[in-house]
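Presented below is the structure to which this report refers.
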Amino acid sequence: MTDHMPDDLSATGRDLRAYTDELRPRHGVVRNVHGEWVLLRHELVAQAALSDDRFSSAVSSHLHVPNGMDLSLPDVS
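FYI, the numbering used here numbers position 54 of the sequence shown as 58, with every residue one higher than the one before it.
Right under this line is the structure:
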(Lines of atoms letter the chains of each structure in order from A and count residues from 1; the text may use other names and numbers.)
(Lines give C-alpha, C1' and ligand atoms only; values in the text may rest on other atoms or scores of the structure.)
Protein backbone atom coordinates (compact mmCIF):
# COMPACT_ATOMS: atom_id res chain seq x y z
CA MET A 1 0.00 0.00 0.00
CA THR A 2 1.35 3.42 -0.88
CA ASP A 3 0.88 6.68 0.96
CA HIS A 4 0.18 8.62 -2.23
CA MET A 5 -3.42 8.73 -3.30
CA PRO A 6 -4.32 9.37 -6.94
CA ASP A 7 -5.58 12.91 -7.49
CA ASP A 8 -8.38 12.19 -9.93
CA LEU A 9 -10.44 9.33 -8.51
CA SER A 10 -13.54 9.34 -10.61
CA ALA A 11 -15.46 6.23 -11.54
CA THR A 12 -17.33 8.09 -14.28
CA GLY A 13 -17.46 5.92 -17.39
CA ARG A 14 -15.82 2.97 -15.64
CA ASP A 15 -17.05 -0.32 -14.29
CA LEU A 16 -17.14 0.50 -10.57
CA ARG A 17 -16.31 -3.02 -9.39
CA ALA A 18 -13.34 -3.35 -11.75
CA TYR A 19 -12.09 0.12 -10.79
CA THR A 20 -12.20 -0.53 -7.04
CA ASP A 21 -10.59 -3.94 -7.60
CA GLU A 22 -7.77 -2.12 -9.39
CA LEU A 23 -7.32 0.39 -6.55
CA ARG A 24 -7.65 -2.02 -3.61
CA PRO A 25 -4.14 -3.62 -3.67
CA ARG A 26 -2.45 -0.21 -3.43
CA HIS A 27 -4.98 1.83 -1.42
CA GLY A 28 -7.18 0.84 1.51
CA VAL A 29 -8.84 4.27 1.67
CA VAL A 30 -9.27 6.78 -1.13
CA ARG A 31 -10.94 10.15 -1.53
CA ASN A 32 -12.95 10.62 -4.70
CA VAL A 33 -13.46 13.76 -6.79
CA HIS A 34 -16.58 14.58 -4.74
CA GLY A 35 -14.54 14.74 -1.52
CA GLU A 36 -16.00 11.49 -0.17
CA TRP A 37 -13.78 8.99 1.62
CA VAL A 38 -14.18 5.45 0.31
CA LEU A 39 -13.06 2.38 2.26
CA LEU A 40 -11.91 -0.36 -0.11
CA ARG A 41 -11.00 -3.20 2.25
CA HIS A 42 -13.27 -5.38 4.35
CA GLU A 43 -11.23 -4.99 7.53
CA LEU A 44 -11.40 -1.20 7.25
CA VAL A 45 -15.16 -1.24 6.66
CA ALA A 46 -15.63 -3.56 9.67
CA GLN A 47 -13.41 -1.33 11.80
CA ALA A 48 -15.44 1.75 10.86
CA ALA A 49 -18.75 -0.03 11.47
CA LEU A 50 -17.68 -1.21 14.92
CA SER A 51 -16.13 2.07 16.07
CA ASP A 52 -19.12 4.37 16.38
CA ASP A 53 -17.24 6.81 18.61
CA ARG A 54 -14.64 7.37 15.89
CA PHE A 55 -16.82 7.04 12.76
CA SER A 56 -20.08 8.70 13.70
CA SER A 57 -22.72 10.55 11.76
CA ALA A 58 -23.91 12.28 14.93
CA VAL A 59 -22.50 15.64 13.78
CA SER A 60 -23.66 15.34 10.20
CA SER A 61 -25.63 18.20 8.73
CA HIS A 62 -27.21 15.85 6.19
CA LEU A 63 -30.59 14.21 6.52
CA HIS A 64 -30.50 10.53 7.39
CA VAL A 65 -32.70 8.11 5.55
CA PRO A 66 -35.22 7.04 6.67
CA ASN A 67 -35.55 8.82 10.03
CA GLY A 68 -34.19 12.20 9.01
CA MET A 69 -36.86 12.51 6.37
CA ASP A 70 -39.84 11.40 8.47
CA LEU A 71 -42.62 13.95 8.51
CA SER A 72 -44.03 15.03 11.85
CA LEU A 73 -47.48 13.53 12.13
CA PRO A 74 -50.19 15.26 14.13
CA ASP A 75 -51.20 13.70 17.43
CA VAL A 76 -54.56 11.98 16.86
CA SER A 77 -55.14 10.76 20.41
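Every residue, glycine too, gets a C-beta built ideally from N, C-alpha and C.
Closest by C-alpha distance to residue i, when choosing among the options
{"i": "H31", "options": "V42, D19, A22 and A15", "result": "V42"}
Residue i - containing beta strand (DSSP E), residue span
{"i": "R21", "result": "From DSSP, R21 is part of no beta strand (DSSP E) but of the alpha helix (DSSP H) over L20 to L27."}
{"i": "L43", "result": "W41 to L43"}
Nearest-angstrom Cβ-Cβ length linking residue i and residue j, presumed shorter than 8 Å
{"i": "R21", "j": "R45", "result": "At roughly 15 Å, the Cβ-Cβ gap does not stay under 8 Å, so R21 and R45 are not in contact."}
{"i": "L13", "j": "V37", "result": "6 Å"}
Limits of the unbroken alpha helix (DSSP H) element including residue i
{"i": "V37", "result": "Unbroken run through V37: none, as it is neither H nor E."}
{"i": "H46", "result": "H46 to L54"}
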